[in-house]
Amino acid sequence: MNRLVTGTVVALAAGAVVAGTAAGAGAAGADIETSEYVAQNCIGLSPNIIDNPYYGGVTVYPDGNGRISVTWGNPSIWGYRTDGTLTWKNLRTGRSGQSNAHFTHDAEGAGFSAEIATGPGPVRITTRAMNRGPFLTLAAPTCTGVAHVR
Numbered sequence: 004m005n006r007l008v009t010g011t012v013v014a015l016a017a018g019a020v021v022a023g024t025a026a027g028a029g030a031a032g033a034d035i036e037t038s039e040y041v042a043q044n045c046i047g048l049s050p051n052i053i054d055n056p057y058y059g060g061v062t063v064y065p066d067g068n069g070r071i072s073v074t075w076g077n078p079s080i081w082g083y084r085t086d087g088t089l090t091w092k093n094l095r096t097g098r099s100g101q102s103n104a105h106f107t108h109d110a111e112g113a114g115f116s117a118e119i120a121t122g123p124g125p126v127r128i129t130t131r132a133m134n135r136g137p138f139l140t141l142a143a144p145t146c147t148g149v150a151h152v153r
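Take 4 as the starting number for the sequence shown in the numbering used here and just add one per residue.
Written as structure tokens, this is what we have:
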């Protein structure tokens, strides 16, 4: 499995470099803002046991002026529900907040999304959740990481 994942990551990275080079040819010196995945190594067990693993990290998309959009969730073969919280703290200003998240994992990868005005700077994002399947309820690992917000 590691070989497949590594190959996919390398292929995606190569594609991103080619796409970035083509897109940036006319915009020399312009800042290109991209998404970043926070807490990418935070993996837990699905309450369905025989399923895709639970990923507690979030993808952060810059909206500019100290605002971000975040998405949290991953695909599941059998489906289950997540009830959790997403907390954030701007490490430069001390500003913080919390969003309650209730979403279903399905084959499409549906999940939670929110727009947050964090202010610019490094922002620590933490997810905590309970995952509820048809037979089991499992506490998910607490996942945390830092996003760099402009």
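Every residue, glycine too, gets a C-beta built ideally from N, C-alpha and C. Computed from a predicted model, the values in this text were never measured in an experiment.
Checklist line | Same chain, Cβ closer than 6 Å to Y40, five either side skipped, listed in chain order | finding: Here the question's residue 40 lines up with position 37 in the sequence shown. Cβ within range, chain order: G60 and T62.
Note to self: Cutting at 6 Å between CB atoms, please list the residues of its own chain near Y64, excluding the five before and the five after it.
What the structure shows: As a working mapping, residue 64 is identified with position 61 in the sequence shown. So the qualifying residues of the chain are S38 and S72.
Margin query: Please return the same chain residues whose Cβ sits closer than 6 Å to the Cβ of N93, not counting the five positions on each side in sequence.
Written below: Position 90 of the sequence shown, counted from the start, is the residue given in the question as residue 93. Counting only Cβ-Cβ distances below 6 Å, and skipping sequence neighbours, we find T121, G122, G124 and V126.
Notebook entry, point to check: Per DSSP, E111 forms a beta bridge with which residues?
Noted result: Here the question's residue 111 lines up with position 108 in the sequence shown. For E111, which the question treats as bridged, DSSP gives no partner whatsoever.
Margin query: Starting from A132, trace the beta strand (DSSP E) in both directions and tell me its first and last residue.
Written below: Your numbering for residue 132 matches position 129 in the sequence shown. Per DSSP, A132 belongs to the beta strand (DSSP E) from G124 to R135.
Note to self: Please give me, in chain order, every unbroken run of the beta strand (DSSP E) with length at least 3 that falls completely inside the stretch 41 to 113.
What the structure shows: 61 to 67, 70 to 75, 83 to 93 and 99 to 108
Next item on the list: Please go through the same chain and pick out, in chain order, the residues whose beta-carbon is closer than 6 Å to the beta-carbon of L15, but skip the five residues on each side of it.
Entry: The count along the sequence shown starts at 1 and reaches residue 15 at position 12. Note that L15 scores a pLDDT of 34, beneath 50, so its modelled location is shaky; the value from the coordinates is reported in the next line. Correct list: empty, nothing qualifies.
Check: Excluding the five sequence neighbours on either side, which residues of its own chain have a C-beta within less than 6 Å of the C-beta of T85, listed in chain order?
Finding: The residue you call residue 85 lines up with position 82 of the sequence shown. F106, A132 and N134, listed in sequence order.
Notebook entry, point to check: Expressed to the nearest angstrom, what Euclidean distance is found between the alpha-carbon atoms of L139 and P78?
Noted result: Residue numbering aside, residue 139 sits at position 136 when the sequence shown is read from its first letter. Residue numbering aside, residue 78 sits at position 75 when the sequence shown is read from its first letter. Distance between the alpha carbons of L139 and P78: 18 Å.
Notebook entry, point to check: From A33 to V149, what does the alpha carbon distance come to, in whole angstroms?
Noted result: Taking the first residue of the sequence shown as position 1, residue 33 is located at position 30. Taking the first residue of the sequence shown as position 1, residue 149 is located at position 146. Its pLDDT being 42, under 50, A33 is placed unreliably in this model, and the value from its coordinates should be taken loosely. Those two C-alpha atoms are separated by around 24 Å.
Notebook entry, point to check: Going by Cα to Cα distance, which pick from T129, G82 and L89 is closest to G136?
Noted result: Locating residue 136 in the sequence shown gives position 133, where the first residue counts as 1. Taking only the C-alpha atoms, the option nearest G136 is G82.
Margin query: Is F106 close to the ligand GDP? I mean its beta-carbon at under 7 Å from any heavy atom of the ligand.
Written below: No copy of the ligand GDP appears in this structure; indeed no ligand is present at all.
Check: For the beta strand (DSSP E) that contains L141, what are its first and last residues?
Finding: In the sequence shown, counting from the first residue as 1, residue 141 sits at position 138. Note, L141: beta strand (DSSP E), T140 to A142.
Check: When you compare only the Cα positions, how much space is there between P144 and P50?
Finding: Here residue 144 refers to the residue found at position 141 when the sequence shown is read from its first residue. Here residue 50 refers to the residue found at position 47 when the sequence shown is read from its first residue. Distance between the alpha carbons of P144 and P50: 13 Å.
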